[in-house]
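For reference, the structure discussed in these notes is given below.
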Amino acid sequence: RSKHRLLAPADPVLAALGISDRHGRVKPTRQAKLRQVEEFLRLLDATLDDAIGAGALSAPTDQRPLRVVDLGCGNAYLTFTAFAHLRNRFPVRMLGVDVKDQARRRNTALAEQLGWQEELDFVGAGIAEVELEQPPHVVLALHACDTATDDALSRALTWRATVVLAAPCCHHHVQEQLRHRRPPEPYGLLTRDGILRERLADTLTDAMRAALVREQGYRVDVVEFVASQHTPRNSMLRAVRTRRAGPAADTSRQYATLVEQWGVEPALAELPRAP
Numbered sequence: 124r125s126k127h128r129l130l131a132p133a134d135p136v137l138a139a140l141g142i143s144d145r146h147g148r149v150k151p152t153r154q155a156k157l158r159q160v161e162e163f164l165r166l167l168d169a170t171l172d173d174a175i176g177a178g179a180l181s182a183p184t185d186q187r188p189l190r191v192v193d194l195g196c197g198n199a200y201l202t203f204t205a206f207a208h209l210r211n212r213f214p215v216r217m218l219g220v221d222v223k224d225q226a227r228r229r230n231t232a233l234a235e236q237l238g239w240q241e242e243l244d245f246v247g248a249g250i251a252e253v254e255l256e257q258p259p260h261v262v263l264a265l266h267a268c269d270t271a272t273d274d275a276l277s278r279a280l281t282w283r284a285t286v287v288l289a290a291p292c293c294h295h296h297v298q299e300q301l302r303h304r305r306p307p308e309p310y311g312l313l314t315r316d317g318i319l320r321e322r323l324a325d326t327l328t329d330a331m332r333a334a335l336v337r338e339q340g341y342r343v344d345v346v347e348f349v350a351s352q353h354t355p356r357n358s359m360l361r362a363v364r365t366r367r368a369g370p371a372a373d374t375s376r377q378y379a380t381l382v383e384q385w386g387v388e389p390a391l392a393e394l395p396r397a398p
């Protein structure tokens, strides 16, 4: 049984991105990329529906379109496909941010080619430096490496974004800390071998970031996401800001205990997390 696709293979955006050929057929070498796109769109849809259903996010209108920012967007495969899908659901304005000006020029030209330049824009700026006229409702960070994900989460929290989706590609910051820390007893076996230490660093980083976001009044879960050709990591931090404060005291206590026992912290701990 064929699975319903959120973007048809013949959609112009897939051809523009080189995922489909001029006949509207998905290229054999791009099947994995399309699977990643489709899974991301389903996660995005479910999270937005959840936020709207819970009253955390008002249904977008022409007067108040959905404002989305993709931080560290790179070549913007997910930026373009998310915009193509969302514009069929809501009025939307989207901004892609990447420090490389070459990426900005390429992506801007592609947006113009598709006729989207009024609703989809790109800027060349660092995640920590980008300035917005209005805070976004949704922040995406799907390509950011190592502590760039922490920068993206920091911006999302200080903007008080309603929805945050972050899929980190590496966790070198905590890995390096683990290399120089004696693990608490009896967990030495978890860091003795490099591959196990690396996987533990992934888990600690995701858990600690989630806790720090939770402290700011967000409902957070870490879900599975398709790994890309650039990284074997397959986790995504998904957060929705709630109208009521979360269990901040309990979360803070658990986080402090984890830091005390392992002696490591993500870079987000040293970054602004409140407006």
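Take the sequence shown: its position 124, counted from the start at 1, is 247 in our numbering, and no numbers get skipped.
Don't be surprised by glycine CBs; every beta carbon is placed ideally from N, CA and C.
If you compare alpha carbons, which of the options is closest to residue i?
| i | options | result |
| --- | --- | --- |
| R244 | R228, Y378 and A251 | For the sequence presented, residue 244 should be read as Asp rather than Arg. Selected option, being the one with the closest Cα: R228. |
| V220 | R332, Y200 and R212 | Y200 |
| D134 | A169, D185 and T204 | T204 |
| Q300 | E235, D325 and S277 | D325 |
| E242 | L209, L394 and L194 | L209 |
| R153 | F213, Y310 and I142 | I142 |
| R190 | Q377, R158, L255 and E162 | L255 |
| Q416 | E252, R148, L137 and D373 | Here the chain covers residues 124 to 398 and nothing more, so residue 416 does not appear. |
| A330 | V192, G247 and Q377 | Q377 |
| I318 | V336, R305 and Q298 | Q298 |
| G247 | N230, A177, Q240 and G238 | N230 |
Start and end of the beta strand (DSSP E) containing residue i?
| i | result |
| --- | --- |
| L263 | V261 to A264 |
| A289 | V286 to A289 |
| L189 | L189 to L194 |
| R342 | Y341 to E347 |
| L243 | L243 to G247 |
| V363 | S358 to R364 |
Name the two residues that bound the continuous alpha helix (DSSP H) containing residue i.
| i | result |
| --- | --- |
| R278 | T270 to W282 |
| G89 | Absent from the structure is residue 89, since the part of the chain shown begins at 124 and ends at 398. |
| S143 | Neither: S143 is in no alpha helix (DSSP H) and is coded neither H nor E. |
| A205 | Y200 to L209 |
| V405 | Outside the displayed range of the chain (124 to 398) lies residue 405, so it cannot be described from this structure. |
| L301 | H295 to R302 |
Just to confirm, is the Cβ distance from residue i to residue j under 8 angstroms?
| i | j | result |
| --- | --- | --- |
| A397 | T281 | yes |
| H284 | V261 | Here residue 284 turns out to be Ala, not His, going by the sequence shown. Going by C-beta atoms, A284 is nearer than 8 angstroms to V261. |
| V286 | L180 | yes |
| R332 | L391 | yes |
| A226 | G249 | no |
| V346 | L166 | yes |
| L394 | S277 | yes |
| A290 | L194 | no |
| F163 | P188 | no |
| V363 | D173 | yes |
| E338 | A379 | no |
So, with DSSP's three-state summary, where would you put residue i?
| i | result |
| --- | --- |
| D172 | helix |
| R216 | strand |
| L180 | coil |
| G311 | helix |
| D373 | helix |
| L137 | helix |
| R228 | helix |
| V387 | coil |
| V253 | coil |
| L394 | coil |
| P258 | coil |
Check the C-beta distance from residue i over to residue j and give it rounded, since I have them as a contact under 8 angstroms.
| i | j | result |
| --- | --- | --- |
| P389 | H296 | 7 angstroms |
| P259 | V215 | Wrong, their Cβ atoms sit about 11 angstroms apart, outside the cutoff. |
| L130 | A207 | 6 angstroms |
Cβ of residue i within 7 angstroms of any heavy atom in the ligand NAP?
| i | result |
| --- | --- |
| T326 | Ligands in the displayed structure: none, and consequently the ligand NAP is not present. |
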